[in-house]
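Trainee:
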Amino acid sequence: MIYSATITSQGQITIPAEIRRKFELDKVKKAQISSDDDKIIIKPEKDIMDLYGVFKTKKRIPFRKARKAFEEAMARGEV
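Below you can see the structure in the form of structure tokens.
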């Protein structure tokens with residue numbers, strides 16, 4: 000399905016609700032935006048909470064510290 004969207008003077012665009020639901024994009028999620036030739040590519044960004052419960056450990060790390068480390072790793076392209 001193809002949608003039409005308006006770009007505001009602030010450079011903002013609204014992603015249609017059907018697509019936001021499909022990719023589970025809500026107010027707190029982020030997206031990666033890139034370009035390839037004549038295309039704009041928008042991908043949901045991975046979130047550390049997607050990994051919740053994957054690893055078993057007795058060591059506790061504060062949530063804010065874990066999120067900051069995850070975002071820094073994302074910025075370096077490690078994740």
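Residue numbering for the sequence shown follows numbering that gives the first Met the number 0, beginning at 0 and increasing consecutively.
Ideal Cβ placement from N, Cα and C applies to all residues, glycine included.
(1) Pull up the distance between the alpha-carbon of residue 34 and that of residue 43, whole angstroms please.
(2) Between residue 32 and residue 41, how many whole angstroms is the CB-CB distance? I'm expecting something under 8 Å.
(3) Residue 18 lies in the alpha helix (DSSP H); which residues open and close that run?
(4) Along the chain, where does the alpha helix (DSSP H) that runs through residue 67 open and close?
(5) Determine the contact status of residue 6 and residue 12, defining contact as a CB-CB distance below 8 Å.
Mentor: In terms of the structure at hand:
(1) Position 35 of the sequence shown, counted from the start, is the residue given in the question as residue 34. Position 44 of the sequence shown, counted from the start, is the residue given in the question as residue 43. Between residue 34 and residue 43, the C-alpha separation is close to 15 Å.
(2) Along the sequence shown, read from residue 1 onward, the residue named residue 32 stands at position 33. Along the sequence shown, read from residue 1 onward, the residue named residue 41 stands at position 42. Right, their Cβ atoms sit about 5 Å apart.
(3) Position 19 of the sequence shown, counted from the start, is the residue given in the question as residue 18. Membership of residue 18 in the alpha helix (DSSP H) is indicated by the continuous run 16 to 21.
(4) To locate residue 67, count along the sequence shown from 1; it is residue 68. Secondary structure note for residue 67: its alpha helix (DSSP H) is the uninterrupted segment 62 to 74.
(5) The residue you call residue 6 lines up with position 7 of the sequence shown. The residue you call residue 12 lines up with position 13 of the sequence shown. Yes, they are a contact pair.
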